[in-house]
Ligand code: GAL
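Numbering (my numbering), first residue to last: 388 to 1035.
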């Protein structure tokens, strides 16, 4: 407690993996240790994020109720061990996890220092047991009502997979349609299994949510996410959470735009409400190929980056380094040496002091983003499961395609949200929907309405091939988006790395690579902004603009280099009157958050060396108290941050 105070740490997430201690047998609960900890935290004026402890079940439970452990992708029944090993459809797991959450809430409900609930930990998925199989059949029955409909949406006439009875429907793993977790002979069925598994986990979360809310209706509830974690549709989960929190563990050599994209996703999932950085290592991880230490200043820089993108807090894993098992080599605020005389501790204490001095100034700020990128988990699942257009993981990566577009906004210092196709688009002027291979029902109408009322909408190659059942659109791609884009895609070429095409945009030649949509024809009023430069489709459109109502829709038929996206997005941003917060400087990231009267410009220097700032960098730096005018040269040292406050 003394060290935490010294470090300026005022909030602790506790009780995360304590199920075995809290419930040593079926009929016995023991809160002695947690009582002491809760009392200690209270005495020391610490805020508590209280966890429900349900991410790893006790050994006795696995012995007594073997149904509780999962069956893996290969169909192998797991024994006790690891974490995330509980079957989400096990009635035993559901009963005891919700009961434990309720008991904890009932016991500690009067602690006014509980600031949030932390349900389970990093929900994870993938069970293929008989309980899951039965539950899947029920899920399918509820969704499709009749077997005729099931056979239709899954196109089971292919290879004679027609189902005659619901009990012929099986789990989707290596024993059935899937050669690997990302390959399926029947993506429509596997896609539904993923939806079902995601729903199953979410139900477990909701049971605990209800259990704690019963006793503490006013304490907000979260569970910690993990960036782009494919198996769980976080955008859907966020709707059942009071606030979003996530754990950020970038690789030591990460491209800074990556983590920033994830932060933007976290902020956007609850329509711009602040989120919480629940975990980051203060210095070192233990599970990367090379666990380089965060260089001096980097922990501080990355902490402010979270705040710059919308976090209202900065937390660490782990507080004190565990003695045994796998995480004994993972960094901590208090290391095995047990002292505050470490570089890491000093850096944390400095950051703690700065955050304390900032007080509540930055809390609750909002991000005014006029541009958005659509990211759709279900589209990710379905595109990945699709056996075309390539097996190359680079070509097949939906997050990488999203990053091609995100980077352009990031490098131009434009605030951008990352939203779901189910979100309201009306507050944006520019929306980019990269690689929307699968279109949800109603999305085309929404996109049309967005453009009709003045929006600029962009999509990229391989868009609009299938509906939400993975059934191909008939009548040409991009299916129901054809009218909006005023184009029709007839064929898609996919060439190996290095086998590229080219196109000219505003007088400069850019590389076209990987995937090449070839248009069949286009509407008369579709403007062809650029054409392929070579191959049998030389002269065919590669970039088109279609006026639609008050706005316009752009189709980009291939993939290119960062220079092109930066240039093109720059033009669209200008067309839409969207603000670039500061002229771009390599390695310097800029975001802006605001309240009703002021705005706060965060300038983060990811470079090792100093940079010189001029135009756009004006206001009072909250970290140094200095005022800068934007006309003189100001230097920002390597790995340093400025937070410039100014009137709106
Ligand atoms: C997180 C997890 C923690 C710890 C940490 C190590 O994903 O929530 O419990 O395992 O990773 O980096």
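For glycine and all other residues, C-beta sits at the position ideal for the given N, C-alpha and C.
- If you draw a 10 Å sphere on the C-beta of residue 658, you find fewer than 16 other C-beta atoms in it, and that means exposed.
- For ligand 1, a non-hydrogen atom lies closer than 7 Å to the CB of residue 717.
- Residue 918 and residue 934 do not touch by the CB rule: their CB atoms are close to 19 Å apart, not below 8 Å.
- Rounded to whole angstroms, the separation of the alpha carbons of residue 511 and residue 742 is 32 Å.
- DSSP places residue 1000 in the uninterrupted beta strand (DSSP E) bounded by 998-1000.
- Taken in chain order, the complete alpha helix (DSSP H) segments of 4 or more residues contained in the segment 784-834 are 785-798.
- Looking at the backbone, the Cα of residue 959 and that of residue 756 are separated by about 15 Å.
- For residue 914, there is no enclosing alpha helix (DSSP H); the enclosing beta strand (DSSP E) has its first and last residue at 914-918.
- Its Cα nearest to that of residue 631, the residue 655 stands out among 619, 641, 655 and 647.
- With at least 16 other beta carbons inside 10 angstroms of its own, residue 782 counts as buried.
- Remark: C-beta atoms of residue 815 and residue 759 approach each other more closely than 8 Å.
- Not one heavy atom of ligand 1 sits closer than 7 Å to the Cβ of residue 875.
- Exclusion of the five residues before and after residue 804 leaves 651, 654, 655, 659, 754, 756, 758, 759, 760 and 815 as the residues of its chain whose Cβ lies within less than 8 Å of its Cβ.
- In the three-state reduction of the DSSP assignment, residue 963 falls in the coil class.
- For the pair residue 719 and residue 733, the CB atoms are not nearer than the 8 Å cut-off.
- The C-alpha of residue 537 lies about 8 Å from the C-alpha of residue 527.
- If you check the CB distance, residue 561 and residue 460 come in under 8 Å.
- Apart from sequence neighbours up to five positions away, the residues of its chain that approach residue 739 with a beta-carbon distance below 7 Å are 394, 395 and 396, ordered along the chain.
- Residue 673 is bridged by DSSP to nothing; it lacks a bridge partner.
- Beta-bridge annotation (DSSP): residue 412 is paired with 415.
- For residue 607, same chain residues with a beta-carbon under 6 Å away, outside a window of 5 residues either side, are 503, 629 and 630 in chain order.
- Shown here, residue 938 sits in a strand according to DSSP, grouped into three states.
- No residue range can be given for residue 900, since it is assigned to no alpha helix (DSSP H) and is classified by DSSP as neither H nor E.
- Per DSSP, residue 551 lies in no beta strand (DSSP E) and is assigned neither H nor E.
- The segment 811-828 makes no contact with the segment 981-994, as fewer than three CB pairs between them are under 8 Å.
- Between residue 429 and residue 603, the CB-CB gap reaches or exceeds 8 Å.
- Counting the other Cβ atoms within 10 Å of the Cβ of residue 463 gives fewer than 16, which makes it exposed.
- Sorting 767, 911 and 953 by C-alpha distance to the C-alpha of residue 892 places 953 at the top.
- Counting the other Cβ atoms within 10 Å of the Cβ of residue 388 gives fewer than 16, which makes it exposed.
- Collapsing the DSSP output to three states places residue 974 in coil.
- With contacts defined by Cβ atoms closer than 8 Å, residue 1003 and residue 1025 do not form a contacting pair.
- By the C-beta density criterion, residue 601 is exposed, having fewer than 16 other C-beta atoms within 10 angstroms.
- In terms of Cα proximity to residue 745, the closest of 699, 722, 714 and 555 is 699.
- Proximity of the beta carbon of residue 641 to ligand 1 is not indicated: no heavy atom of the ligand is located closer than 7 Å.
- Residue 525 carries a helical assignment under DSSP once its states are collapsed to helix, strand and coil.
- In the same chain as residue 551, and ignoring 5 residues on each side of it, the C-beta atoms closer than 8 Å to its own belong to 534, in chain order.
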